[in-house]
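**Student:** Under the working numbering, the residue at position 97 of the sequence shown is numbered 612, and the numbers go up by one with no gaps. Every residue, glycine too, gets a C-beta built ideally from N, C-alpha and C.
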Amino acid sequence: MTTTTATAGPSANAVREGVRRGVRELHQMVTNRQDLAGNLIWLFGMLAPLYFLRDNELPHSTMPVAGFILPSVMSMCLAFNGMFSLAQQLVVERQDGTLLRLKALPHGMLGYLIGKMTSVAATVLLACAIVTLTGICMLKGVSPADAGLWATLAWMLPLGLLAVLPAGAVLGSLVESPRNIGLIMIPLFGLASVSGIFYPASRLPEWVQHVAEVFPLYWIGLGARSALLPDGYAAVEIGASWRHWETAGVLGCWAVAGLLLAPAVLRRMARRESGSAMVSRRERALRNPV
Numbered sequence: 516m517t518t519t520t521a522t523a524g525p526s527a528n529a530v531r532e533g534v535r536r537g538v539r540e541l542h543q544m545v546t547n548r549q550d551l552a553g554n555l556i557w558l559f560g561m562l563a564p565l566y567f568l569r570d571n572e573l574p575h576s577t578m579p580v581a582g583f584i585l586p587s588v589m590s591m592c593l594a595f596n597g598m599f600s601l602a603q604q605l606v607v608e609r610q611d612g613t614l615l616r617l618k619a620l621p622h623g624m625l626g627y628l629i630g631k632m633t634s635v636a637a638t639v640l641l642a643c644a645i646v647t648l649t650g651i652c653m654l655k656g657v658s659p660a661d662a663g664l665w666a667t668l669a670w671m672l673p674l675g676l677l678a679v680l681p682a683g684a685v686l687g688s689l690v691e692s693p694r695n696i697g698l699i700m701i702p703l704f705g706l707a708s709v710s711g712i713f714y715p716a717s718r719l720p721e722w723v724q725h726v727a728e729v730f731p732l733y734w735i736g737l738g739a740r741s742a743l744l745p746d747g748y749a750a751v752e753i754g755a756s757w758r759h760w761e762t763a764g765v766l767g768c769w770a771v772a773g774l775l776l777a778p779a780v781l782r783r784m785a786r787r788e789s790g791s792a793m794v795s796r797r798e799r800a801l802r803n804p805v
């Protein structure tokens, strides 16, 4: 019993310190004009089509084009900004020596991961709230009185974040230089193209549908559409259903696997970090400027 308590104590302290670190980073982002602008500009760019297409309707339907785009914007916001933002921050802070300093602290990498997940999750949830409120203000088909909308978002958004944030940490640990961070976007956009974000996945070949269903992006998009689109639009989905239980199951599996794998991957990466390795990376960057 004593051993278990002693083991759990430092881990619990690392989690608490990680949450505090995440809250501090979030406060710094919100109070820094440059950081805040950088996080909002891309969001306004994604929301611009909603405004310009708010009066256009889909052929043979009363659904506004913007209403159909709204779930795609939310899915991209959650999956891409959550995964890519965490990966990008990890790569940058590995380069500047932050991870090397944390390596010396007990459970330092666990606290770091919790802190990054806290700050990035809060930022993404804020962006998703802006997307939803924008849809409510601009689109007739999205009502603030729809209890199903809020109930679905209440479980889908946190579970979706838990599914993609650890994956972002794993991807970030595989990239050594900030110049190569863009390589992460290539498979992400490829995955988005078959996940029903831009086009109904049910119209794709069956084997492509099965590939898409393995990854969380498809299920995040399906969950967003189930919250923001009328029930009748489930007919164009795979299986002609919103499949909430399957969505929760797949996202839950990704969340559990990621939360188990990401700390181990970060610890392994931290063991390879040293002052000489950091200096070597900087010298290579100076010899090969962008």
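Which residues bound the alpha helix (DSSP H) around S717?
**Tutor:** Here S717 belongs to no alpha helix (DSSP H), and DSSP marks it neither H nor E.
**Student:** How about M671 and A742: do their beta carbons lie closer than 9 Å?
**Tutor:** yes
**Student:** Pairing CB atoms from the stretch 654-669 with CB atoms from the stretch 708-726, are three or more of them under 8 Å?
**Tutor:** no
**Student:** Please tell me whether I753 and G705 are closer than 9 Å, where the distance is taken between their beta carbons.
**Tutor:** With respect to G705, I753 sits apart: the two C-beta atoms are not nearer than 9 Å.
**Student:** DSSP three-state call for P579: helix, strand or coil?
**Tutor:** strand
**Student:** Among the candidates A772, V780, A563 and P586, whose CA atom is the shortest distance from the CA of L686?
**Tutor:** V780
**Student:** Quick check on DSSP: helix, strand or coil for E761?
**Tutor:** In the three-state scheme derived from DSSP, where H, G and I count as helix and E and B as strand, E761 is classed as helix.
**Student:** Under the three-state reduction of DSSP, which class applies to E728: helix, strand or coil?
**Tutor:** helix
**Student:** If you measure between the beta carbons of N596 and V639, is that distance less than 9 Å?
**Tutor:** One thing to note: N596 has its Cβ within 9 Å of the Cβ of V639.
**Student:** Could you name the residues of the same chain whose beta carbon sits closer than 7 Å to that of T517, not counting the 5 residues immediately before and after it, in chain order?
**Tutor:** Confidence in T517 is poor, its pLDDT being 43 and thus under 50, which makes the residue's placement too unreliable to answer from.
**Student:** The ligand SAM heavy atoms versus the CB of M653: any closer than 8 Å?
**Tutor:** Here there are no bound small molecules, and the ligand SAM is not part of this structure.
**Student:** Out of M632, L737, W757 and R740, state which residue places its alpha-carbon closest to the alpha-carbon of P778.
**Tutor:** Selection M632, L737, W757 and R740 evaluated against P778 yields M632 as nearest (Cα-Cα).
**Student:** Using the Cα positions of V607 and N695, report the straight-line distance between them to the nearest angstrom.
**Tutor:** 11 Å
**Student:** Along the alpha helix (DSSP H) that carries E608, what are the first and last residues, could you check?
**Tutor:** Element bounds for E608: G597 to Q610.
**Student:** Determine the closest residue to G773 out of L680, M700, S717 and S688, with distance taken between C-alpha atoms.
**Tutor:** With distances taken between Cα atoms, G773 lies closest to L680.
**Student:** Could you check how far apart the C-beta atoms of P731 and L775 are, in whole angstroms? I think they sit under 8 Å.
**Tutor:** Incorrect: roughly 15 Å between the Cβ atoms, too far for contact.
**Student:** Checking 9 Å against the spacing of the C-beta atoms, do V646 and L558 come in under that value?
**Tutor:** yes
**Student:** Does the Cβ-Cβ distance between A785 and K618 come in under 9 Å?
**Tutor:** yes
**Student:** Any idea what DSSP makes of A521, helix, strand or coil?
**Tutor:** At A521, the pLDDT of 43 sits below 50, so the modelled position is not reliable and the matter cannot be decided from this model.
**Student:** Residues in its own chain within less than 6 Å of R782 by CB, not counting five upstream and five downstream?
**Tutor:** M624
**Student:** Going by beta carbon distance, what residues of the same chain come within less than 6 Å of A636, once the five residues before and after it are set aside?
**Tutor:** L676
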